[in-house]
Each structure stands twice: as structure tokens, then as C-alpha cells.
Amino acid sequence: MRLITEDCETGAVTGIDGVLLRAAELNRTGQHAEALRLLRPVVRSHPDHAVAWCHFAAALLDDGQHEPALNAARRAAVVDPTLEWAHRLASLALTEMDRPAEAVLAAREAARLKPGEWRCQVALAEALVADGRAGSTEAVEAARHAVRLAPHEARPREVLGDVALAGRRLDDAERAYRDALRIDPGSEHAELNLTLVRRLRSGGNGHAPAPPPPGVETVAWGLLRQVALVQGVGGLALLFAGYPRPGQGLAWLGLLLCLVVAALVLAFGRRVPVPALRGLPRTLPRRPLMGVTAVLLAIGFVLLLVWSAVHAVWPLSIQAVAISWLTSALAAAAVLTHRALTRLRTDQERG
41 MRLITEDCET
51 GAVTGIDGVL
61 LRAAELNRTG
71 QHAEALRLLR
81 PVVRSHPDHA
91 VAWCHFAAAL
101 LDDGQHEPAL
111 NAARRAAVVD
121 PTLEWAHRLA
131 SLALTEMDRP
141 AEAVLAAREA
151 ARLKPGEWRC
161 QVALAEALVA
171 DGRAGSTEAV
181 EAARHAVRLA
191 PHEARPREVL
201 GDVALAGRRL
211 DDAERAYRDA
221 LRIDPGSEHA
231 ELNLTLVRRL
241 RSGGNGHAPA
251 PPPPGVETVA
261 WGLLRQVALV
271 QGVGGLALLF
281 AGYPRPGQGL
291 AWLGLLLCLV
301 VAALVLAFGR
311 RVPVPALRGL
321 PRTLPRRPLM
331 GVTAVLLAIG
341 FVLLLVWSAV
351 HAVWPLSIQA
361 VAISWLTSAL
371 AAAAVLTHRA
381 LTRLRTDQER
391 G
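The sequence shown begins at 41 in my numbering and counts up by one.
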């Protein structure tokens, strides 16, 4: 996260520099909890240090704590309203929280304060896409301006492609994704979306399905992470308790575990708007890892539910629970893979 060290050079207090740089390195390597442990005393003892609050917000964002990250970014903006980093972090947090209209306002302020920073233009374009305004002149110009500012970076071209794809301009999207792949041949984002563009064009309708807002995908990944944790830990407990011959009383524990998972899914359904829920299946061709994770968890859930229901009246072996736990463990590995890929992307986007 090179941006952290760059921002740290502007206005940092001498006694805090080492802590901020160390926290930035920890955050860059994925040790978010350790970075937060270092940063909390700093923001408590130096509440008027805007850059420290930005470091804190960035670490919270990477740790998936979006609302606390927003609060920290806003605190930084109050301390120093001219610090574009604070407004940009607020925009990223608001986008993740599925509040795109507010994200647009924060990104606009960041771009106004530092129009020559390509990451500000990227944040503005992304927020406008999330707000359903990919076809607006502002979104297109922000993405193009980011490309002009950073011609050797892949990320601005990926976002330019996203703007074009969401605006149903398939030729422009394909060109942008190809350019991104020329700069970064390993760009999974550009490769997946280029495949989607080709599929849409071969279908003959030329219309891209509207994906759900980025914040909804984040919430969906949060659900998958929770379900993987519950099924994984619960299934492992059942295995230990039921090996080698499970008592029939374990069936009720299995059913209780299934109820907990169902409650998590129900809470997700109530939290996410119906149109966004309907859009989630359409995003799976672009997010195969999400689809694989969901299928693995569904298999594990069905196996556990059937085993629990049958075992309550007819004794069974523990084998089905073992398979259920294995699928949940594989899903957990997929969730961790997604988190690692997301960190790489956000590191590039922020610096």
C-alpha cells in the first residue's frame, strides 16, 4: 500500500512516523489485526492527526470493517478537510456499504481536492457505476482522466472497461480490458470481464446484464464467510462428538446448526434490496469463485440437513457429516482466496 507511505510524508508528526510506516507494512502484507493494534493507541493519543486516522481507516477497510472505516475516514476529514485521502477512503467504505449516492459525493470531493491523483478519478468512476450512472458523462470522463493520469497502470483501464460495460458499450469495454491485460497480463478482473463481453456479443443482443452494486457483492461474500465458519466449526464439533458411532441426540444438534445457517441467509435476504438479490445470479459468470463457494456450502448444508433429519429416526454413520464438513472447509478456502485477491486489488487501487 504505497499510498500510505506517500501520504505519511505529508504532515506526519515525527514521533509517529515509525508506527505509521510499520502499520502500513503490516496492512500491506495482510496482517490487519496487528496493524490495527498499533494504530488504535496512535489515534487515541493523537486525535487531531488526520493521516493517522487515514491509516486506521485503510486498515479497517482491508479488515472488512466498513462502518468503522467510514467513521475513521470522516474523522480524518473533519481534522483536515483538505486531505483527499480521507474523502477517498470514505467513498470506498460507502461503496462497500451499498450507499453509492453518498460515495459519489465523497469521491467528488476527493477529486476536487486532488484532480491530478488517478486514484481519486478511479474512486469517482466506481462510485458513479455503483450508483447506476455508468452512462453519465462524469463517469466516462473520470475513468478516461484516470487513464491519462496513469497510462502505465492497469487499474484505470479496468475501471474504464467497467464503466463502458455497465453502460452497454461493448466495443469500448473490450478495448479497455484488452489494454489492461497488455499492461498486466495477470489481471483477473480484466480477463473475466473480457470473457463476459465476448459472451454477450456472441449472444447477439449486445446488452450487458446489470450487475448488483459492489456493496451487495461484499455483503454476499460476508454471508458466505459466516456460513463457511458456522458449518465448518459446527460440522467439526459434530465429527468429534459422533466419532466413531454418533448418538441420535446429535441429530438435534445438526438440525440446530442448520437453523443457524438458515437464519443467516434469511437475515441477508432482509438486508439486501430485492432488485439487488435478483441481480446476484447474473454476476456469477463474472465471479466464478463466488459461485463455487456458494455451491460447496449448499452441498454441505443439504448433506447435513438430510443426515440430521434421517438420523433422528434411523441411526446413520458419521460419513455424511464428514463430507459436509469437507465441502465447508473447501468453501472456507475459497473465501480466503477471494480475500487475498481483494487485498491485492485494493493495495493497487490505494497505492
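Don't be surprised by glycine CBs; every beta carbon is placed ideally from N, CA and C. All figures in this text were calculated on a predicted structure; none of them were measured in a lab.
Where the alpha helix (DSSP H) containing residue i begins and where it ends
| i | result |
| --- | --- |
| T69 | That residue, T69, is in no alpha helix (DSSP H); it is neither H nor E in DSSP. |
| S348 | 328-351 |
| G201 | 194-206 |
| A97 | 90-102 |
| Y217 | 210-223 |
| A179 | 177-189 |
CB contact flag (residue i, residue j, <7 Å)
| i | j | result |
| --- | --- | --- |
| A369 | G272 | yes |
| A183 | L210 | no |
| H72 | A99 | yes |
| S348 | A291 | yes |
| V59 | V82 | yes |
| A126 | A116 | yes |
| A146 | E198 | no |
| V332 | A374 | yes |
| L337 | A371 | yes |
| P196 | A186 | yes |
| L344 | G294 | yes |
| A163 | R215 | no |
| T450 | A170 | No answer is possible for residue 450: the residues shown for the chain start at 41 and end at 391. |
| M137 | H106 | yes |
| A167 | V203 | no |
For residue i, the three-state DSSP class (helix, strand or coil)
| i | result |
| --- | --- |
| P121 | coil |
| E257 | helix |
| A372 | helix |
| I56 | helix |
| I363 | helix |
| P355 | coil |
| Q266 | helix |
| T377 | helix |
| Q271 | helix |
| A174 | coil |
| G287 | coil |
| P87 | coil |
| R241 | helix |
| P249 | In this prediction, P249 has a pLDDT of 48, which is less than 50 and means its spatial position is unreliable; nothing more can be read from the coordinates. |
| G226 | coil |
| R310 | helix |
| R139 | coil |
Any non-hydrogen atom of the ligand ADP closer than 6 Å to residue i Cβ
| i | result |
| --- | --- |
| R80 | The ligand ADP is not part of the structure shown, which contains no ligands of any sort. |
Would you check if the stretch 286-305 and the stretch 229-238 touch, i.e. whether three or more CB-CB distances between them fall below 8 Å? Short answer: they don't touch.
Is it true that the stretch 150-163 meets the stretch 172-180, where meeting means three or more beta-carbon pairs spaced less than 8 Å apart? They do not touch, by the three-pair rule.
Complete runs of the alpha helix (DSSP H) confined to the stretch 146-170 [at least 4 residues]: Runs found: 158-170.
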